[in-house]
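Chains as they are written, first to last, in the working numbering: chain A, 3 to 440; chain B, 3 to 440.
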């Protein structure tokens, strides 16, 4: 056997993912040496509090509060602190000192990705981030490498496990959002402050990362249209089921062709959408994630697996560490990302999809014609319409319409919905949901 | 823009995949240059007959019959001729002349992979073969890189589109194997000589490649246990459905732990197996492929997409070409495969799984006890048993038993089935099917 080099690995952060990464680096040192041709030596773990309790028992002498000192002289720096600072500064310092960086920090990449990749390019180092989207599911590498010779047309994915868990239970049990959220918090599927998940912010960060990579462009987080699932109720899920759909929080990244005066653009958006029960994404249950990719030559592909979890995410981190180690051994500069342009990100009004509109209307003759007419005026054509009738306690009859539209432009649809809302025959616009995955 | 290098690309073969690769290399030259930082110049296409009809119109001056001459001076050689020779010699020559090789040749890799990877290692070149398994679905790269820091425990996949198409139609239509095969041939889903597909040989080659990669070992093709689908009839599919299963041709690669005197080993096998209708693999329809991977840290992952097709497979080839080009630009030697050991491949008798046994038995009192007793004697315990009764034209009553077993070792099971076959109460062993995916 040849004389193997030793590579110095610095770990920043020892939370649920970091502590598993440390454990695996120690326990699998021999295997990792076989895989890479290098001894990966865990030089230390930088944390805020050396004595804080950890998920995994780790040698106390590895811990330090001096992150900057730990980075100096390291070949590979694994950043798992999360948040913007000091993670950003430490990553930039690590790159400038010649280290390759592996990170799972989606918030940082979605906001400061361009800066970090620029510095990496300048110094010939690599930044890997498989763990930043969909935990252990290999999706970054397939987009970056496997599909690099293809042209990605569309991605839609379930990239947030917490919201999928909540929507899945609401779908299975007919339960209310609040009840399921409380239970999810109790079981550890949702955090005490669930805002980032249920408002779609976490999914929006991942959508920005996926779109930037797939379309070779910089997508600022602010350009991602984001709606969460707090407005989804049992009634909407029941309506969806009746029409053959399930509601999923989807991150969608899509190329929009040039149209009239409008240039080619991309759309990056997160919202609860209707997905056909026949679609592979419909059978993604619990906290799992799945990303559906449509590429021009490859056709549709799907990547499925656990969307969270310390040890699952650690698998993705270790995959990136092995690649970085192999690169060190092979020599040569880091193979960076494709050059990124600045494609325009279209406003939500420009997308085209199908919609399901639920209305409460007066129970009068001719209501159907009036509603269909108001939609048609705005260029929205009706594909299906279903009317149900119920009676109030006071005996007044109340009619509900569930309307499925043909494909329409979002701007036309929302204008038409505004007209419906203002109309005398419509008592209330109950919900408007988009259909994805056609 | 920096001054880009030009890389010389040689293409060997212009069949359904090769002609699409040539088209995309020409049509997307600008995009590929952006992705790689190199101008990829298609230097020529080596074919047997320059004037043969092609799927795609390509410049005639690119074609040559002199493959050896074309290789000389090329930076990247794409081999899509198929078969063992002259593909093997040309690939070895290309590597020795310093070129990186991209191939989709599963037959060659399953039989001469070790030789080819050795030569690549010696000269510091790379061999990529994403297209060899499951067409456009990224599965080679995830196993080679993304899961390189993890430990793969098991893979089971639908890796042959033709047999999945046939079994899926038999399942949906209750049709007979021969009828569906004839139709599949008419529609182009099966070849005129369907042997390689329906006998499982194609899937066995892919299983050998997947197992070699996942377990970092050399798996000779002869060590792969292989059964095809020609014995699957409508009755078996109906029985499977009754018990909540669907029949799929699965390629399974699995670690077997050490047991008594037996060392740790791997099992690599292809056969039609029962898969729960709840399992994600059950909803892989038509000619699609899907590979399910269970890794220790990552947990279960699934990769899904088109399993065949010229342009789909071309996507995988181009992904490998882009990676090879980036490597040329970055410098450094090829990052090879992990070093491969020689883990023992266990005989089929050593695997442990659940079984479904269908018997025709005499319609006598005590038959159930006798059958269960014969199974229990061999250490096979019965989980479910279902008896149906039918009457022959001559009035004789005929009983059929469908038995679901608990997990049992294959050797014990086959010994027990032999005892059943010899028993007076059993008129005929109708079928024995393995259950996978638990």
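Quick reminder that beta carbons are idealized off the backbone N, C-alpha and C, glycines included.
Predicted model only: the values in this text are computed from it and were never measured.
Restricting to Cα atoms, I'd like to know which of the options is closest to residue i.
i, options, result
"residue 49 of chain B", "B:109, B:16, B:291, B:153", "B:16"
"residue 38 of chain B", "A:35, A:9, A:147, A:383", "A:147"
"residue 299 of chain B", "B:271, B:155, B:190", "B:155"
"residue 322 of chain B", "B:134, B:401, B:266, B:372", "B:134"
"residue 374 of chain B", "B:128, B:411, B:428", "B:428"
"residue 389 of chain A", "A:244, A:42, A:187", "A:244"
"residue 198 of chain A", "A:34, A:132, A:165", "A:165"
"residue 116 of chain A", "A:304, A:400, A:167, A:215", "A:215"
"residue 232 of chain A", "A:271, A:62, A:202", "A:202"
"residue 152 of chain B", "B:189, B:128, B:217", "B:217"
"residue 140 of chain B", "B:366, B:187, B:309", "B:309"
"residue 76 of chain B", "B:55, B:86, B:42", "B:42"
"residue 326 of chain A", "A:399, A:143, A:22", "A:143"
"residue 248 of chain B", "B:66, B:125, B:188, B:286", "B:286"
"residue 386 of chain A", "A:7, A:396, A:403, A:230", "A:403"
"residue 369 of chain B", "B:405, B:393, B:348", "B:405"
"residue 200 of chain B", "B:8, B:213, B:169, B:190", "B:169"
"residue 397 of chain A", "A:272, A:62, A:107, A:365", "A:365"
"residue 79 of chain B", "B:23, B:237, B:136", "B:23"
Please classify residue i: does DSSP put it in a helix, a strand, or coil?
i, result
"residue 167 of chain A", "helix"
"residue 325 of chain A", "helix"
"residue 526 of chain B", "Within the shown structure, residues of chain B are numbered from 3 to 440, placing residue 526 of chain B beyond reach of any answer."
"residue 102 of chain A", "strand"
"residue 345 of chain A", "coil"
"residue 252 of chain B", "strand"
"residue 37 of chain A", "helix"
"residue 218 of chain A", "coil"
"residue 67 of chain A", "coil"
CA-CA distance, residue i and residue j?
i, j, result
"residue 145 of chain A", "residue 46 of chain B", "28 Å"
"residue 313 of chain B", "residue 289 of chain B", "15 Å"
"residue 158 of chain B", "residue 206 of chain A", "33 Å"
"residue 362 of chain A", "residue 262 of chain A", "36 Å"
"residue 193 of chain A", "residue 311 of chain A", "13 Å"
"residue 343 of chain A", "residue 219 of chain A", "4 Å"
"residue 302 of chain A", "residue 316 of chain B", "14 Å"
"residue 235 of chain B", "residue 274 of chain B", "11 Å"
"residue 105 of chain A", "residue 92 of chain A", "11 Å"
"residue 12 of chain B", "residue 329 of chain A", "26 Å"
"residue 74 of chain B", "residue 333 of chain B", "20 Å"
"residue 280 of chain A", "residue 246 of chain B", "19 Å"
"residue 204 of chain B", "residue 421 of chain B", "34 Å"
"residue 69 of chain B", "residue 109 of chain B", "20 Å"
"residue 3 of chain A", "residue 123 of chain B", "Annotation note: pLDDT 40 at residue 3 of chain A (below 50); position unreliable, coordinate value reported separately. Straight-line Cα distance between these residues: approximately 14 Å."
"residue 81 of chain A", "residue 71 of chain A", "14 Å"
"residue 380 of chain A", "residue 60 of chain B", "47 Å"
"residue 425 of chain A", "residue 377 of chain A", "11 Å"
When the distance is taken between beta carbons, is residue j closer than 7 Å to residue i?
i, j, result
"residue 1 of chain A", "residue 331 of chain A", "Because residue 1 of chain A is not part of the residues shown, which for chain A are 3 to 440, the question remains open."
"residue 138 of chain A", "residue 307 of chain A", "yes"
"residue 185 of chain B", "residue 239 of chain B", "no"
"residue 433 of chain A", "residue 353 of chain A", "no"
"residue 360 of chain A", "residue 382 of chain A", "no"
"residue 114 of chain B", "residue 98 of chain B", "no"
"residue 292 of chain B", "residue 149 of chain B", "no"
"residue 358 of chain B", "residue 252 of chain B", "no"
"residue 182 of chain B", "residue 171 of chain B", "yes"
"residue 346 of chain B", "residue 260 of chain B", "no"
"residue 391 of chain B", "residue 401 of chain B", "yes"
"residue 294 of chain A", "residue 276 of chain A", "no"
"residue 437 of chain B", "residue 372 of chain B", "no"
"residue 52 of chain B", "residue 25 of chain B", "no"
"residue 189 of chain B", "residue 255 of chain B", "no"
"residue 125 of chain A", "residue 118 of chain A", "no"
Does at least one heavy atom of the ligand PLP sit under 6 Å from the Cβ of residue i?
i, result
"residue 304 of chain B", "Looking for the ligand PLP in the displayed structure turns up nothing, as the structure carries no ligands at all."
In chain E, what lies closer than 8 Å to residue i by C-beta?
i, result
"residue 318 of chain B", "As a matter of chain content, chain E is missing from the structure shown, whose protein chains are A and B."
Quiz prompt | Those runs of the alpha helix (DSSP H) which lie wholly inside the stretch 261-310 of chain A and span at least 4 residues | solution = Listed in chain order, the alpha helix (DSSP H) runs fully inside the stretch 261-310 of chain A amount to none, counting runs of at least 4 residues.
Exercise. Write down every uninterrupted run of the beta strand (DSSP E) in the stretch 115-191 of chain B whose length is 3 residues or greater and which is fully enclosed by it, in chain order.
Key: DSSP runs (the beta strand (DSSP E)) wholly in the stretch 115-191 of chain B: 154-160.
Exercise. Output the residue ranges of the beta strand (DSSP E) runs that lie fully inside the stretch 391-440 of chain B and measure 3 residues or longer, sorted by chain position.
Key: You should have 399-407, 428-438.
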